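*Asks:* Supplied in structure tokens, the structure appears directly below.
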Amino acid sequence: MTDDAVFQRFMERYASGDIPWDDGLPPPEVVALATRLPPGRALDLGCGYGRTAIFLAQHGWQVDGVDFVPLAVAEAQNRARQAGVADRVHFHQASVTALGFLPGHYQLAVDVGCLHALDGTAQRAYRDELHRLLEPGAAYLLFARLVEEVSLAEGAPGGEGAPGGEGAPGGEGPRGMAEAAIGPLFADGFVLEKSAIGLTHVGEKSWKSGWFWFTRG
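Numbering (the working numbering), first residue to last: 6 to 222.
This is the structure in structure tokens:
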């Protein structure tokens, strides 16, 4: 699936209100990590409506959220104003693979279902941006839909998920990434501290997923 097709699909989902990952709070894994760390600067990748970014801002973090769907960014900005944290969180319509407009020096990055939507070339560009933006010792928390095997060759589809929102299953094309590909992707510059593999349930559907806790080396 081309980048244009992915963008159009998520534009249509947001326009229709078909957003199963829309919730008041981020997942418990995000809450636990964010409240354990001292507040600093954070990056929310594939921020969707901004639930993670807004939660972090409410707990003292300065946050940049990035999403490529303008409808998602506009609603995230609206929700930040309603929550009274518009001065602590800034949302950007952009690709997570091209973040040169951000200066870096983040102590935390969170991705709830974005990386697994990218093809192999984009995943490596994403990784390089994350390496540049995070300070040594920073935390990186990743949630991904997992499949048995997905090619990371140039142009191969990496799946669907959270460009335009946080990851959720759909009916178009292959989606997700292989668990075995995640470690090698981040082998240079990141340390995998732990992972937790399980099932995610959305309505009547279930799919394999995993949380991965990294530290920037």
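Don't be surprised by glycine CBs; every beta carbon is placed ideally from N, CA and C.
These numbers were taken from a predicted model, which means no experiment stands behind them.
Check whether the Cβ atoms of Gln82 and Phe73 sit closer than 8 Å, and answer yes or no.
*Replies:* On the sequence shown, position 77 is the one that residue 82 refers to. On the sequence shown, position 68 is the one that residue 73 refers to. Cβ distance not < 8 Å, so Gln82 and Phe73 don't count as in contact.
*Asks:* To the nearest angstrom, report how far apart Pro141 and Ala91 are at their CA atoms.
*Replies:* On the sequence shown, residue 141 is found 136 positions in, with the first residue counted as 1. On the sequence shown, residue 91 is found 86 positions in, with the first residue counted as 1. Cα to Cα, Pro141 sits roughly 28 Å from Ala91.
*Asks:* Can you check the stretch 120-158 for any alpha helix (DSSP H) of at least 4 residues that lies completely inside it and give the ranges in chain order?
*Replies:* Entirely contained in the stretch 120-158, the alpha helix (DSSP H) runs reaching 4 residues are, in chain order, 125-138.
*Asks:* Taking C-alpha atoms, which residue in Leu123, Arg86, Leu135 lies nearest to Ile59?
*Replies:* Along the sequence shown, read from residue 1 onward, the residue named residue 59 stands at position 54. Minimum Cα distance to Ile59 is reached at Arg86.
*Asks:* DSSP state of Thr102, grouped into three classes?
*Replies:* Translated into the one-based positions of the sequence shown, residue 102 becomes position 97. Looking at Thr102 - three-state DSSP - the assignment turns out to be coil, as it is neither helix nor strand.
*Asks:* Assuming the contact rule is C-beta atoms closer than 8 Å, Thr220 and Ala144 should be a hit. Round their C-beta distance to whole Å, please.
*Replies:* Within the sequence shown, numbered from 1, the residue matching residue 220 stands at position 215. Within the sequence shown, numbered from 1, the residue matching residue 144 stands at position 139. Contact holds; Cβ gap of about 6 Å.
*Asks:* Under three-state DSSP, which class holds Arg93?
*Replies:* Here the question's residue 93 lines up with position 88 in the sequence shown. The answer is coil: DSSP assigns Arg93 none of H, G, I, E or B.
*Asks:* Return the CA-CA distance between Phe217 and Val196, expressed in angstroms with no decimal places.
*Replies:* Mapped onto the sequence shown, residue 217 falls at position 212. Mapped onto the sequence shown, residue 196 falls at position 191. Near 10 Å, if we compare the C-alpha coordinates of Val196 and Phe217.
*Asks:* Could you compute how far the alpha carbon of Gly176 sits from the alpha carbon of Pro108?
*Replies:* Position 171 of the sequence shown, counting from 1, holds the residue named residue 176. Position 103 of the sequence shown, counting from 1, holds the residue named residue 108. Here the model assigns Gly176 a pLDDT of 39, short of 50, so the residue's position is not dependable and the matter cannot be decided.
*Asks:* Between the Cα of Val71 and those of Ala183, Ala103, Leu38, Gly215, spot the shortest distance and give me the residue it belongs to.
*Replies:* Locating residue 71 in the sequence shown gives position 66, counting from the first residue. Cα-wise, what sits closest to Val71 is Ala103.
*Asks:* Apply the 10 Å Cβ neighbour rule to Asp193 and answer buried if 16 or more other Cβ atoms are within range, or exposed otherwise.
*Replies:* Reading the sequence shown from its first residue, position 188 is the one you call residue 193. The residue in question, Asp193, is exposed, as its Cβ has fewer than 16 Cβ neighbours within 10 Å.
*Asks:* What are the complete beta strand (DSSP E) segments, minimum 3 residues, inside the stretch 31-81?
*Replies:* Those beta strand (DSSP E) runs which fall completely within the stretch 31-81 and span 3+ residues are 46-50, 67-72.
*Asks:* For Gln112 and Pro75, I'd like the C-alpha separation in whole angstroms.
*Replies:* Counting from 1 along the sequence shown, the entry for residue 112 is found at position 107. Counting from 1 along the sequence shown, the entry for residue 75 is found at position 70. For Gln112 and Pro75, the distance between alpha carbons rounds to 26 Å.
*Asks:* For Leu157 and Glu198, I'd like the C-alpha separation in whole angstroms.
*Replies:* Translated into the one-based positions of the sequence shown, residue 157 becomes position 152. Translated into the one-based positions of the sequence shown, residue 198 becomes position 193. Note that Leu157 has pLDDT 39, beneath the 50 cutoff, so the model's placement of it is unreliable and the number below is only indicative. Near 23 Å, if we compare the C-alpha coordinates of Glu198 and Leu157.
*Asks:* Taking Ala201 as the reference, which of Asp69, Ile187, Leu139, Glu209 has the closest Cα?
*Replies:* In the sequence shown, the residue the question calls residue 201 occupies position 196. When each option's Cα is compared against that of Ala201, the closest is Ile187.
*Asks:* When the Cα atoms are used, what is the spatial distance from Leu48 to Glu209?
*Replies:* Locating residue 48 in the sequence shown gives position 43, counting from the first residue. Locating residue 209 in the sequence shown gives position 204, counting from the first residue. Cα to Cα, Leu48 sits roughly 32 Å from Glu209.
*Asks:* So for Gly109, helix, strand or coil by DSSP?
*Replies:* What you label residue 109 is simply residue 104 of the sequence shown in a count that begins at 1. In this structure, Gly109 counts as coil in the three-state DSSP scheme.
*Asks:* Among Leu151, Leu190, Ala149, whose alpha-carbon lies nearest the alpha-carbon of Glu134?
*Replies:* Here the question's residue 134 lines up with position 129 in the sequence shown. With distances taken between Cα atoms, Glu134 lies closest to Leu190.
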